[in-house]
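**Student:**
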C-alpha cells in the first residue's frame, strides 16, 4: 500500500473555509490503516508541502470555489486541475509553486500522487465562527466516502 | 474619468484590490486600496476561556501565528497579573527569533525580492522565487529553503508545533529546552547568521551596486514622510518581543514613547467610507486626511518603521548594518518605501544574532518556566509582528472568560501609509493613460514593500487567479480590460 497522508486543509475558525478539517476529523473514525496518516493543516503553500513530503500519496481535502457547481458539491480533482491554490496565508507561495520550486531544487520526497477532494463553498463569508452552513455540513459524508474510495482504490 | 482596477494583487493572494482613477488627461487623480475585513472577532471571542486566546488568535491568519500567539500570551500575563519567569521570557523571545528568521526569508526571497533580483520590468511569470533561483543559482535556492526551514524548526521545537504554537501560557511557557535541543538550535542559528550575512551581501551586489535600482529606491514616488513606530528596549534599540512603543518624527527625533498599556490614549482610528480598513493615527497630532508630514498623525510600522523609530540594533553585526543603511540613504529617518526590503534583511541578521545570544544563555535550560497566575482582569499585550506593531487587548470576567477583545494588527497600523504609497507610486509612473504590466508592477511594489497581510485572504482553491485591470471611460463605462494569470 502506498504511504498516504490525508490532510484536511482550511481555517477552523472561518466557518465554511474549515470544512476540510471537519472532514478529516470524521475520517479518523472511519480509516484506521497502517501507512495512512490523517492530519489537519491550518496552512498552505510551503508549510503544506512540509507535511506532505516523505509520502507516496497525498489527498488534500479543501474548500473550493467553483462557479459552475452547486454549493456543497464534492469532487475529486487531480493536482493540475485546480490552477490556483490560495492559502489562508497571503504571505506564502501557492502549493503548486512550492511543489515546482522543490522539484527544481532536487527534492525527491514529494508524493507522486497528489489529489484534492474539493467541497464547493462558493464565496467565503468573511466572518469568524466554527459552525458550518447547512449545505456544507451535508457535504461531509459525501467527502468522507470519496476519500475512503480513493484510499481503497490502490489497496 | 478612467478607472484602473488591479485585482487581485499578485503574490499577495488576498482579496486586495487597487483602484486607480485617471483624470481626462490620463494622469492619476487618486488611488485606493480596498481589502475585505474579517468580521465578528469580538463576538467570536466573547465567552471563551481566556487561556484559549493564544491558540485561537494564532488561527486568525496563517501569516503571523507566532506574533498573535505571543501578543495574546502577553495580554494574558497582564490580565492575570503575572510576570513570566526570566527563563520563560527568554524562551519566548528565542522562539520569536525563529519566527522572524523564516518570515523575513520568505518575504525577501519569495515575495519582495523578485522585483529587484529578477527586475521590476521582468515579465510577471519570471518575477517569483523560481526567477530568483534562475538568476542567483540553484545552490542559493537550496540555502533559502534550508534556512527558512531552520526558522520553522526552531519555532517548532520551542512552540510544540511549527505553524501554530501551543506553548504560551499566562506567567510563562508550557515547555522548556533540554541540552540536546539547545545544541540543535545553536547549530541551526549559527548557519542562519551566515545566511543572513550572505543575504545582505546579495542585496549589496544586486541592488545597491545597480545605479538604476538605487535611484528607483530614492525616487520621489516612493518617498513618504510619516511618523515611525516600533518597540524599543531601554537603550532605544529595536526589540521584537518586548519594550516600549516609541514614535519618532520626520527629523528622526523621539516624538513620544509609551507603555503598550497606554495605546488607547495615544492612537485613534479614523474611518473612511470607501474602506473596511480603519486608519490609525497619533491622537496628539490628529487626523488630517491621507497626507504625510509633521501635521498628519499617520505613522509607519514594520521593518523600516522599527529601524527609523530606534537608535540602533542591540547586536553588533546588525548594528553595523543599521548604521551603513542610514549612511547610504542619507540619515534618519529614511522615507523610501522600497528601503523596507533592506531594513528587513538587517532585522533578519539581528534575529539570528539575538537567537545565538539566547540559545547560549545559561538560563535557557532552566525548568523555572512558569509563575502562578493571579486574579483575572484586563490585559494588553504588544509585540512587533514581522510586519509591524501588533496589539491585543482583552477584558476578562471573574471566571476568566473573555468579555471584550480588541486587536490592532500590523497591516491596519500601516493602512494610511500603504494607501498613500500606492497613490504616489501610481501618480509617479502612470501618465497619459499609458499602462502596461511593468508600470502596474511598479505600483504594486509600493504596496508589496510593506509585506501587508490581509487576515481574510481565504485559502479557497479556485479556477484561476487573474490579475485584472479594468479601465473605464469618464462615464464609468468599461471599455478595456487587461488580464494576466496569477501565479
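Residue numbers (this note's numbering), protein chains in the order written: chain A, 36 to 190; chain B, 5 to 491. All C-beta atoms in this analysis are idealised placements derived from N, C-alpha and C, irrespective of residue type, glycine included. It should be emphasised that the depicted structure is a prediction, and the values quoted were computed from it without experimental measurement.
#1: By DSSP, does residue 462 (chain B) sit in helix, in strand, or in coil?
#2: For the beta strand (DSSP E) containing residue 69 (chain B), name the first residue and the last one.
#3: Within 10 Å of its beta-carbon, does residue 293 (chain B) have 16 or more other beta-carbons around it, so buried, or fewer, so exposed?
#4: Give the range of the beta strand (DSSP E) segment to which residue 254 (chain B) is assigned.
#5: Taking the CB atoms as reference points, tell me whether residue 308 (chain B) and residue 101 (chain B) lie closer together than 8 Å.
#6: Name the chain D residues that come within less than 9 Å of residue 168 (chain B), Cβ to Cβ?
#7: Ends of the alpha helix (DSSP H) at residue 92 (chain A)?
#8: Pairs of beta-carbons, one from the stretch 178-190 of chain A and one from the stretch 48-68 of chain A, closer than 8 Å: are there three or more?
#9: Taking only three categories from DSSP, how would you classify residue 284 (chain B)?
#10: Compare the C-beta of residue 406 (chain B) against all C-beta atoms of chain A and say whether one is closer than 8 Å.
#11: Taking only beta carbons into account, state which residues of the stretch 45-56 of chain B come closer than 7 Å to chain A, listed in chain order.
#12: Can you tell me which of the three DSSP states residue 211 (chain B) falls into?
#13: Where does residue 53 (chain B) land, buried or exposed, given buried means 16+ other C-beta within 10 angstroms?
#14: Which bits of chain A does residue 158 (chain B) rub up against, with CB to CB less than 8 Å?
#15: What does residue 393 (chain B) pair with, by DSSP beta-bridge criteria?
#16: So, with DSSP's three-state summary, where would you put residue 404 (chain B)?
#17: Check whether chain A comes within 8 Å of residue 22 (chain B), counting only Cβ atoms and requiring the distance to be less than that.
#18: Among A:138, A:57, A:70 and A:110, which has the Cα closest to the Cα of residue 142 (chain B)?
#19: Might you give, ordered along the chain, the residues of its own chain that have their beta carbon closer than 7 Å to the beta carbon of residue 325 (chain B), omitting 5 neighbours on each side?
#20: What does a CB cutoff of less than 6 Å around residue 114 (chain B) pick up in its chain, not counting 5 residues either side in sequence?
#21: Beta-carbon of residue 145 (chain B) versus every beta-carbon of chain A: anything under 8 Å?
#22: Please report how far the alpha carbon of residue 17 (chain B) lies from the alpha carbon of residue 105 (chain B), in whole angstroms.
#23: Could you tell me the boundaries of the alpha helix (DSSP H) in which residue 120 (chain B) lies?
#24: Just to confirm my understanding: we take residue 260 (chain B), look at its own chain, exclude 5 residues before and 5 after, and list those with CB closer than 6 Å. What are they?
#25: Contact between the stretch 67-80 of chain A and the stretch 39-49 of chain A is defined here as three or more beta-carbon pairs at a separation below 8 Å; is this criterion met?
#26: Looking at the structure shown, is residue 63 (chain B) part of a helix, part of a strand, or coil, going by DSSP?
#27: Following the continuous beta strand (DSSP E) through residue 274 (chain B), name the residue where it begins and the one where it ends.
#28: Which residue from B:27, B:177, B:23 and B:111 puts its Cα closest to that of residue 375 (chain B)?
#29: Quick check: is the beta carbon of residue 43 (chain B) nearer than 8 Å to any beta carbon in chain A?
#30: What residues from chain B crowd round residue 173 (chain A), counting only those whose CB sits closer than 7 Å?
#31: Go ahead and label residue 47 (chain B) buried or exposed: buried means 16 or more other beta carbons lie within 10 angstroms of its beta carbon, across all protein chains shown.
#32: Specify the secondary structure class of residue 134 (chain B) as computed by DSSP and reduced to three states.
#33: Between the alpha carbons of residue 222 (chain B) and residue 118 (chain B), how many angstroms are there, rounded?
#34: Counting only Cβ-Cβ distances shorter than 8 Å, please list the residues of the stretch 158-169 of chain A near chain B, keeping chain order.
#35: Flag residue 143 (chain A) as yes if its beta-carbon sits less than 8 Å from any beta-carbon of chain B, otherwise no.
#36: Name the DSSP beta bridge partners of residue 37 (chain B), please?
**Tutor:** Short version:
#1: The predicted position of residue 462 (chain B) is uncertain, since its pLDDT is 34 and thus under 50; no value can be drawn from it.
#2: Looking at the DSSP string, residue 69 (chain B) is not in any beta strand (DSSP E); the run it does join, the alpha helix (DSSP H), is 69-83.
#3: exposed
#4: Note, residue 254 (chain B): premise wrong, no beta strand (DSSP E); not H, not E.
#5: no
#6: In the structure shown, chain D does not exist; the protein chains are A and B.
#7: Looking at the DSSP string, residue 92 (chain A) is not in any alpha helix (DSSP H); the run it does join, the beta strand (DSSP E), is 92-100.
#8: yes
#9: strand
#10: no
#11: 45 and 48
#12: helix
#13: exposed
#14: By Cβ distance, chain A contributes nothing, its closest Cβ being about 14 Å from residue 158 (chain B), past 8 Å.
#15: B:388
#16: coil
#17: no
#18: A:138
#19: 204, 350 and 353
#20: 133
#21: yes
#22: The predicted position of residue 17 (chain B) is uncertain, since its pLDDT is 37 and thus under 50; a value taken from the coordinates is nonetheless stated next. Roughly 22 Å between the two C-alpha positions.
#23: 118-121
#24: 251
#25: yes
#26: coil
#27: 271-275
#28: B:177
#29: yes
#30: Ordered by position in chain B, no residue passes the 7 Å Cβ test against residue 173 (chain A), which lies about 19 Å from the chain.
#31: exposed
#32: helix
#33: 19 Å
#34: 159, 161, 162, 163 and 164
#35: no
#36: B:22
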